[in-house]
Amino acid sequence: MWHSVQFSRYGGPEVLDLVEITTPVPGVGEVVVEVMAAGLNPGESSIREGRLDKEWPAHFPAGQGSDFAGFIAGTGAGVTGWKIGDAVLGHTVRGSQANFVTVPAGNVIHKPERLPWEIAGSLYVAAATAWQAVSGANPGPGRTVLVHAAHGGVGVIAAQLAKRRGARVIGTASPDSFDYLRQIGVIPVEYGPGFAERLQRIAPDGVDAELNRLGDNVLMNVDSTDTVVLQKIASLIADHQLVIPVAAIYPLERVRDAYRELEAGHAHGKIVLCMMPVEYPHQKVHGIDLRETEATKDAPNRPPVPPNREALPPVFGHRHHLSTAGPVTEGSYIE
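Take 1 as the starting number for the sequence shown in full-length UniProt numbering and just add one per residue.
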């Protein structure tokens, strides 16, 4: 039994439901992808709330999500270069938060073997938005670029891309993100009251470019150049030249909770839905965030903490686990 995240009226996360779907059949030039992971983005919340009704009107029932990664499950007439079982990542206008998604064959690329599923499935919108923003800022040696929300899904990519072009990068963030930003070569500055004075001390000559509100209400138009950008960013991450933090991983049936965390605005990295979570040794949180959180790390009698290299667990099952997945009632949601 397969499901898709849909909403039939505008509103907050409470309007999202899991709706039963059948396995789709690809049309001419299309591929069907069995989704392993799908990312969340702020623009999706804006659409669901009706705040972008003029630019992106919803046609109910509406799907949700643009980013995804998974396996080719079917190919339509005229499709070449793909076979069933190929691991891919890609993008669609809406509807990626589902067990299956159908897209034009040009909307997917091969997933690099070293690219983790949770990053591959949440990459498209953040990568395309960051690439466009940085290209417009024209960073380079001798230039200073200010990136707002540099700890977020888009900001962290933009900051690293600007650094790669030789710019001096300053990133706004909360103090608990400072160490991480320093590790990727970004000078952190706290936002909030007194920000102008703090920035003046760090950059007395001012900044040459400012990247603000990255991804707030952005869903990139789908075209071939976005797929090229996606390939470049995916390769950089797979080669360990870019680092993408994952803030939380939720099973599909917790999509409402995932969006609540996203909309709270404090996530340090991407939030991802996984379709086949599996348990792993020393797991501390079950059913919501599959990684250790601030709420659990100091709990009494908790199991030993895994080594740092295991901080992000292998939460995605293999394709043959599909047959063992438990059913979810149509339209149901576990609160």
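Backbone N, C-alpha and C fix where the C-beta goes; we use that ideal spot for every residue, glycine too. Please read these numbers as outputs of a predicted model, since none were measured by experiment.
Hey, quick one: how far does the beta strand (DSSP E) through Gly90 stretch, first residue to last?
Ala87 to His91
Minimum C-alpha distance to Asp86 - residue among Gly74, Gln97 and Thr92:
Gly74
Do you know offhand how far Lys54's Cα is from Pro42's?
17 Å
Cβ atoms of Thr144 and Asp208: under 8 Å apart, would you say?
yes
Rounded C-beta distance between Val79 and Ala105? I'm assuming under 8 Å.
5 Å
Using the rule of at least 16 other Cβ atoms within 10 Å of the residue's Cβ for burial, across every protein chain shown, is Lys270 buried or exposed?
buried
Within the stretch 181-267, note down every full alpha helix (DSSP H) run reaching 4 residues or more, in order along the chain.
195-202, 224-238 and 255-264
DSSP beta-bridge partners of Thr75:
Bridge partners of Thr75: Val31.
Counted within 10 angstroms of its Cβ, other Cβ atoms place Leu290 as buried (16 or more) or exposed:
Its pLDDT being 40, under 50, Leu290 is placed unreliably by the model, and the measurement read from it follows with that caveat. Looking at its Cβ environment, which holds 16 or more other Cβ atoms inside 10 Å, Leu290 is buried.
Assumed close pair Leu89, Ala130 - CB separation to whole angstroms, cut-off 8 Å:
Going by Cβ atoms, the distance from Leu89 to Ala130 rounds to 16 Å, so no, they are not a contact pair.
Check the C-beta distance from Leu242 over to Ile170 and give it rounded, since I have them as a contact under 8 Å.
Going by Cβ atoms, the distance from Leu242 to Ile170 rounds to 19 Å, so no, they are not a contact pair.
I'd like to confirm the pairing. Which residues does DSSP put opposite Ser4 in its beta bridges?
Val19 and Ala98
Could you check how far apart the C-beta atoms of Cys274 and Pro251 are, in whole angstroms? I think they sit under 8 Å.
6 Å
According to DSSP, is Phe60 part of a helix, a strand, or is it coil?
The answer is coil: DSSP assigns Phe60 none of H, G, I, E or B.
Residue nearest to Leu236 in terms of C-alpha spacing, selected from Trp82, Gly95, Leu16 and Pro112
Pro112
Opposite Ala38 in the DSSP bridges: which residues?
Per DSSP, Leu273.
Can you grab the Cα-Cα spacing for the pair Pro188 / Ser174, in whole Å?
9 Å
Out of Ala38, Glu44 and Arg213, which one is the CA nearest neighbour of Asn99?
Considering only alpha carbons, the answer is Ala38.
Can you give me the C-alpha to C-alpha distance between Pro24 and Thr102, rounded to a whole angstrom?
Inter-residue distance for Pro24 and Thr102 is about 7 Å (C-alpha atoms, whole angstroms).
For a quick check, are the C-beta atoms of Gly153 and Ala126 less than 8 Å apart?
yes
When DSSP labels each residue in this structure, what does Asp176 get in the three-state scheme?
helix
Quick check on this structure: which residue in Ala120, Arg182, Gly11 and Leu115 has the alpha carbon closest to the alpha carbon of Ile47?
Gly11
Is the beta carbon of Phe7 closer than 8 Å to that of Val33?
no
Using the Cα positions of Gln200 and Gly185, report the straight-line distance between them to the nearest angstrom.
19 Å
Quick one: measure Cβ to Cβ for Arg213 and His148, integer angstroms, because I've assumed they're closer than 8 Å.
Contact holds; Cβ gap of about 7 Å.
Residues near Ile202 in its chain [Cβ-Cβ closer than 7 Å; skip 5 each side]
Ile170, Ile187 and Val189
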